[in-house]
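Enquirer: Chains as they are written, first to last, in the working numbering: chain A, 297 to 505; chain B, 297 to 505. For glycine and all other residues, C-beta sits at the position ideal for the given N, C-alpha and C.
There are 2 protein chains.
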Amino acid sequence: MKVDRRIHKSKTALKSALLTLMKEKELRQITITDIVKTADLNRGTFYKHYQIQEDLLHELVDDVISDLTKSYRDPYANKEIFSLHDLTPASIKIFEHVARFADFYQTIIYHEHVLPGFQNKLCDILKKLPMNDLAQLQKEDRGDNSIEKDLQISYQAYALFGMIMEWVKGGFKYSTDYMADQLIKMLSNRPISMQYLTPKVMEASETTS
Amino acid sequence: MKVDRRIHKSKTALKSALLTLMKEKELRQITITDIVKTADLNRGTFYKHYQIQEDLLHELVDDVISDLTKSYRDPYANKEIFSLHDLTPASIKIFEHVARFADFYQTIIYHEHVLPGFQNKLCDILKKLPMNDLAQLQKEDRGDNSIEKDLQISYQAYALFGMIMEWVKGGFKYSTDYMADQLIKMLSNRPISMQYLTPKVMEASETTS
DNA sequence: TGTTTAATGTTGATTAATCAACATGTTAGC
DNA sequence: GCTAACATGTTGATTAATCAACATTAAACA
Numbered sequence: 297m298k299v300d301r302r303i304h305k306s307k308t309a310l311k312s313a314l315l316t317l318m319k320e321k322e323l324r325q326i327t328i329t330d331i332v333k334t335a336d337l338n339r340g341t342f343y344k345h346y347q348i349q350e351d352l353l354h355e356l357v358d359d360v361i362s363d364l365t366k367s368y369r370d371p372y373a374n375k376e377i378f379s380l381h382d383l384t385p386a387s388i389k390i391f392e393h394v395a396r397f398a399d400f401y402q403t404i405i406y407h408e409h410v411l412p413g414f415q416n417k418l419c420d421i422l423k424k425l426p427m428n429d430l431a432q433l434q435k436e437d438r439g440d441n442s443i444e445k446d447l448q449i450s451y452q453a454y455a456l457f458g459m460i461m462e463w464v465k466g467g468f469k470y471s472t473d474y475m476a477d478q479l480i481k482m483l484s485n486r487p488i489s490m491q492y493l494t495p496k497v498m499e500a501s502e503t504t505s
Numbered sequence: 297m298k299v300d301r302r303i304h305k306s307k308t309a310l311k312s313a314l315l316t317l318m319k320e321k322e323l324r325q326i327t328i329t330d331i332v333k334t335a336d337l338n339r340g341t342f343y344k345h346y347q348i349q350e351d352l353l354h355e356l357v358d359d360v361i362s363d364l365t366k367s368y369r370d371p372y373a374n375k376e377i378f379s380l381h382d383l384t385p386a387s388i389k390i391f392e393h394v395a396r397f398a399d400f401y402q403t404i405i406y407h408e409h410v411l412p413g414f415q416n417k418l419c420d421i422l423k424k425l426p427m428n429d430l431a432q433l434q435k436e437d438r439g440d441n442s443i444e445k446d447l448q449i450s451y452q453a454y455a456l457f458g459m460i461m462e463w464v465k466g467g468f469k470y471s472t473d474y475m476a477d478q479l480i481k482m483l484s485n486r487p488i489s490m491q492y493l494t495p496k497v498m499e500a501s502e503t504t505s
């Protein structure tokens, strides 16, 4: 179901205004009048879509999460089998996502109290995405050196999170392409020979079983 | 008479879209469908305000001229008497105007054929503004060294135009404040002791006569 | 050349946003 | 405490923007 562009524009303007204001002052001090003034919208427009500021903030968070998920999955979307070999700097979209919501990330990192627990939520998502999407096919080793899947995924998730944090806190001094390139170099250290099953195949096996 | 914000936003989006597209291709190749797609507006919205692209371009030019005039006059607006001594870097708004319409200036300078004669129009305005607004009070000298007003004004107008051209062509590598500072330094060379009458006094003298 | 594709204007019905005007809290300063 | 200024919701009438659909024209192209 398509949303009317006017609705999309109004909501986007409101969220953008909220982010702008969050850089200036505390969430508690931001009035709805503030928001609509910054967004250049009538006050009634706010109330047609939301009740309180919190609703707006939550929808903003949902937007971020949704875009993050989409960006993370992009390299293996519509693929049946996915090897880390296939990962190229151009196919990695996660850093573009962070850049797209740069204002958001800077704000929630420097004002943790605004969205307590969001950073943990972020890590959880970065863990759950590969955990649910990707069924490991062949492990690196089969001897004493075998690696637990959950540990491996947590390891990589937090590593990626660390890169992002460093990037944001450093004021985005590297380009998105460079970040993607660096990530590949990190991954190339060892587990490059691993393969995963992507959701497409998993759906197929579900329906046939 | 206030314009509905929706109208203002729609028109602004259309002009912004036109500028964006002018950077990519020739004016002739820009369709109305292109414009409304870029502006994220329905095609009908364009036709509610304009008939052809030319209308849009002309309104954009009018906007620029109007903002230019306002910015130029800002330092002596609401003043009865105005000396070049009063000019400070902060009071000069002309470079902020150029920065505000940076896209426009870059486009029309690098694609002269789009708006033939606009640069001359610009110079004319920079000449006519001081010519009409400012009645010279005391000249520098009264001897053989006296300077003609029209020559002096043309001299300064083209000088300012030159600064702007250099600034735009150089990719805005100086800040607006620095440009204002530089302009003051240029003016300080000599004619700083001159004084002008501003429109306020001229209006008053008109009504009393 | 004929055919297809895309742009152009225009239409009417529908929905969203606007504005001004309320009454009602809240807050800050005197 | 009183008052003034401001924020909050809510209202109904009005206007702007949307969408889908249409007939027409122009351009691309095979």
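1. For the putative contact between P385/A and D473/A, defined by C-beta atoms under 8 Å, what is the C-beta separation to the nearest angstrom?
2. How should Q325/B be labelled, buried or exposed, when 16 other C-beta atoms within 10 angstroms of its C-beta is the threshold for buried?
3. With burial defined as no fewer than 16 other Cβ atoms inside 10 Å of the residue's Cβ, what is the status of K469/B: buried or exposed?
4. Taking the CB atoms as reference points, tell me whether T316/A and T334/A lie closer together than 8 Å.
5. Assess, as a yes-or-no matter, whether the stretch 445-457 of chain B is touched by the stretch 374-382 of chain B under the definition of 3 or more beta carbon pairs within less than 8 Å.
6. Do K465/B and I405/B have their CB atoms nearer than 8 Å?
7. Under the three-state reduction of DSSP, which class applies to P371/A: helix, strand or coil?
8. Could you say which of K389/B, Q415/B, V360/B lies nearest to A373/B if we only look at CA atoms?
9. Straight-line CA distance for H407/B to K305/A?
10. Spell out whether any CB of chain B is found under 8 Å from the CB atom of D336/A.
11. State the Cα-Cα distance for the pair L323/B and V410/B, rounded to the nearest angstrom.
12. Along the chain, where does the alpha helix (DSSP H) that runs through Q452/A open and close?
13. Taking the alpha helix (DSSP H) that M297/A belongs to, which residues open and close that run?
14. Assuming M459/A contacts L430/A under a Cβ cut-off of 8 Å, what Cβ separation, rounded to an integer in Å, is found between them?
15. Does DSSP put E320/A in a helix, in a strand, or in coil?
16. Could you name the residues of the same chain whose beta carbon sits closer than 6 Å to that of F397/A, not counting the 5 residues immediately before and after it, in chain order?
17. Mapping DSSP to helix, strand and coil, what is F414/B?
18. Under a Cβ-count criterion, where at least 16 other Cβ atoms within 10 Å of its own Cβ denotes burial, should K423/A be classed as buried or exposed?
19. Using a 10 Å radius around the Cβ and a threshold of 16 neighbouring Cβ atoms, would you call Q349/B buried or exposed?
20. Taking only beta-carbon positions, decide if R339/B is within less than 8 Å of chain A.
21. Determine the DSSP secondary structure at L337/B, reduced to helix, strand or coil.
22. Can you round the beta-carbon distance between L352/A and L310/A to whole angstroms, since I take them to be within the 8 Å contact cut?
23. Mind checking P412/A: buried by the 16 CB within 10 Å criterion, or exposed?
24. Starting from the beta carbon of R301/B, find every residue of chain A whose beta carbon is closer than 9 Å, and list them in chain order.
25. Going along the chain, which residues of its own chain have a beta-carbon closer than 6 Å to the beta-carbon of G467/B, five neighbours each way excluded?
26. Tell me which residues share the same chain as S367/B and place their Cβ nearer than 6 Å to its Cβ, disregarding the 5 neighbours each side in the sequence.
27. Can you have a look at M475/A and say buried or exposed, based on whether 16 or more other CB atoms are within 10 angstroms of its CB?
28. What are the boundary residues of the alpha helix (DSSP H) that H393/A is part of?
29. Report the three-state DSSP secondary structure of F468/A (helix, strand or coil).
30. What's the call for V332/B, buried or exposed, on a 16-neighbour Cβ count within 10 Å?
31. Going straight from the alpha carbon of A313/B to that of E444/A, what length do you get?
32. Can you look up P426/B in the DSSP assignment and give me helix, strand or coil?
33. Please return the same chain residues whose Cβ sits closer than 6 Å to the Cβ of A395/A, not counting the five positions on each side in sequence.
34. Can you tell which of P426/A, T329/A, H345/A has the C-alpha that lies nearest to the C-alpha of V299/A?
35. Helix or strand or just coil, what does DSSP make of H407/B?
Expert: Inspection of the coordinates gives the following:
1. In the first sequence, counting from the first residue as 1, residue 385/A sits at position 89. In the first sequence, counting from the first residue as 1, residue 473/A sits at position 177. Contact between P385/A and D473/A holds, since their C-beta atoms are separated by about 6 Å, short of 8 Å.
2. Reading the second sequence from its first residue, position 29 is the one you call residue 325/B. Result: exposed.
3. Counting from 1 along the second sequence, the entry for residue 469/B is found at position 173. Exposed.
4. Along the first sequence, one-based indexing puts residue 316/A at 20. Along the first sequence, one-based indexing puts residue 334/A at 38. Yes, these two residues count as a Cβ contact at 8 Å.
5. Contact fails between the stretch 374-382 of chain B and the stretch 445-457 of chain B, because fewer than three Cβ pairs, one in each stretch, are under 8 Å apart.
6. As a first step, residue 465/B must be located in the second sequence, where it is residue number 169. As a first step, residue 405/B must be located in the second sequence, where it is residue number 109. Their beta carbons are under 8 Å apart, which means K465/B touches I405/B by this criterion.
7. Walking along the first sequence from the start, residue 371/A turns up at place 75. Correct three-state label for P371/A: helix.
8. On the second sequence, position 77 is the one that residue 373/B refers to. If we check each option's Cα against that of A373/B, K389/B comes out closest.
9. Position 111 of the second sequence holds residue 407/B. Position 9 of the first sequence holds residue 305/A. Computed Cα separation, rounded: 32 Å.
10. Counting from 1 along the first sequence, the entry for residue 336/A is found at position 40. The beta carbon of D336/A falls within 8 Å of a beta carbon belonging to chain B, placing the residue at that interface.
11. Here the question's residue 323/B lines up with position 27 in the second sequence. Here the question's residue 410/B lines up with position 114 in the second sequence. Taking the CA atoms as reference points, L323/B sits about 7 Å from V410/B.
12. The sequence position of residue 452/A within the first sequence is 156, counting from 1. That run of the alpha helix (DSSP H) goes 445-465.
13. On the first sequence, residue 297/A is found 1 positions in, with the first residue counted as 1. Unbroken run through M297/A: none, as it is neither H nor E.
14. Sequence index remark: in the first sequence, residue 459/A carries index 163 (1-based). Sequence index remark: in the first sequence, residue 430/A carries index 134 (1-based). The pair is not a contact, with the Cβ atoms about 19 Å apart (cut-off 8 Å).
15. Position 24 of the first sequence, counting from 1, holds the residue named residue 320/A. For E320/A, the three-state secondary structure derived from DSSP is helix.
16. Counting from 1 along the first sequence, the entry for residue 397/A is found at position 101. Non-local beta-carbon contacts of F397/A in its own chain, meaning distances under 6 Å to residues more than five positions away in sequence, involve V360 in chain order.
17. As a position in the second sequence, residue 414/B is number 118, starting the count at 1. Look at F414/B here: in three-state DSSP terms it is helix.
18. For the purposes of this step, residue 423/A is identified with residue 127 of the first sequence, where counting begins at 1. By the 10 Å Cβ count, K423/A comes out buried.
19. Sequence index remark: in the second sequence, residue 349/B carries index 53 (1-based). Burial is judged here by how many other beta carbons sit within 10 angstroms of a residue's own beta carbon; Q349/B has at least 16 and is buried.
20. Along the second sequence, read from residue 1 onward, the residue named residue 339/B stands at position 43. By this cut-off, R339/B is not an interface position.
21. The residue labelled residue 337/B in the question sits at position 41 within the second sequence. Three-state result, L337/B: coil.
22. Residue mapping note: residue 352/A aligns to position 56 of the first sequence, counting from 1. Residue mapping note: residue 310/A aligns to position 14 of the first sequence, counting from 1. Contact between L352/A and L310/A is confirmed by a C-beta separation of about 6 Å, below the 8 Å threshold.
23. The count along the first sequence starts at 1 and reaches residue 412/A at position 116. So P412/A counts as exposed.
24. Along the second sequence, read from residue 1 onward, the residue named residue 301/B stands at position 5. Ordered by position in chain A, the residues that pass the 9 Å Cβ test against R301/B are D336, L337, N338.
25. Here residue 467/B is taken as the residue at index 171 of the second sequence, counted from 1. Nothing meets the Cβ criterion.
26. In the second sequence, residue 367/B corresponds to position 71, counting from 1. For S367/B, where only same-chain residues beyond five positions count, the Cβ hits under 6 Å are K389, I390, H393.
27. Within the first sequence, numbered from 1, the residue matching residue 475/A stands at position 179. By the neighbour-count criterion, in which a residue is buried when 16 or more other Cβ atoms sit within 10 angstroms of its Cβ, M475/A is buried.
28. On the first sequence, position 97 is the one that residue 393/A refers to. 390-396 is the span of the alpha helix (DSSP H), which, as asked, contains H393/A.
29. Here residue 468/A corresponds to residue number 172 of the first sequence, with the count starting at 1. Correct three-state label for F468/A: coil.
30. Indexing the second sequence from 1 puts residue 332/B at position 36. V332/B should be labelled buried.
31. Taking the second sequence and counting its residues from 1, one reaches residue 313/B at position 17. Taking the first sequence and counting its residues from 1, one reaches residue 444/A at position 148. Rounded to the nearest whole angstrom, the CA to CA distance from A313/B to E444/A is 53 Å.
32. On the second sequence, position 130 is the one that residue 426/B refers to. P426/B: helix per DSSP, three-state reduction.
33. Against the first sequence, residue 395/A aligns to sequence position 99. Excluding sequence neighbours, A395/A sits near T472.
34. The sequence position of residue 299/A within the first sequence is 3, counting from 1. Its Cα nearest to that of V299/A, the residue H345/A stands out among P426/A, T329/A, H345/A.
35. Within the second sequence, residue 407/B is the residue found at index 111, counting from 1. Looking at H407/B - three-state DSSP - the assignment turns out to be coil, as it is neither helix nor strand.
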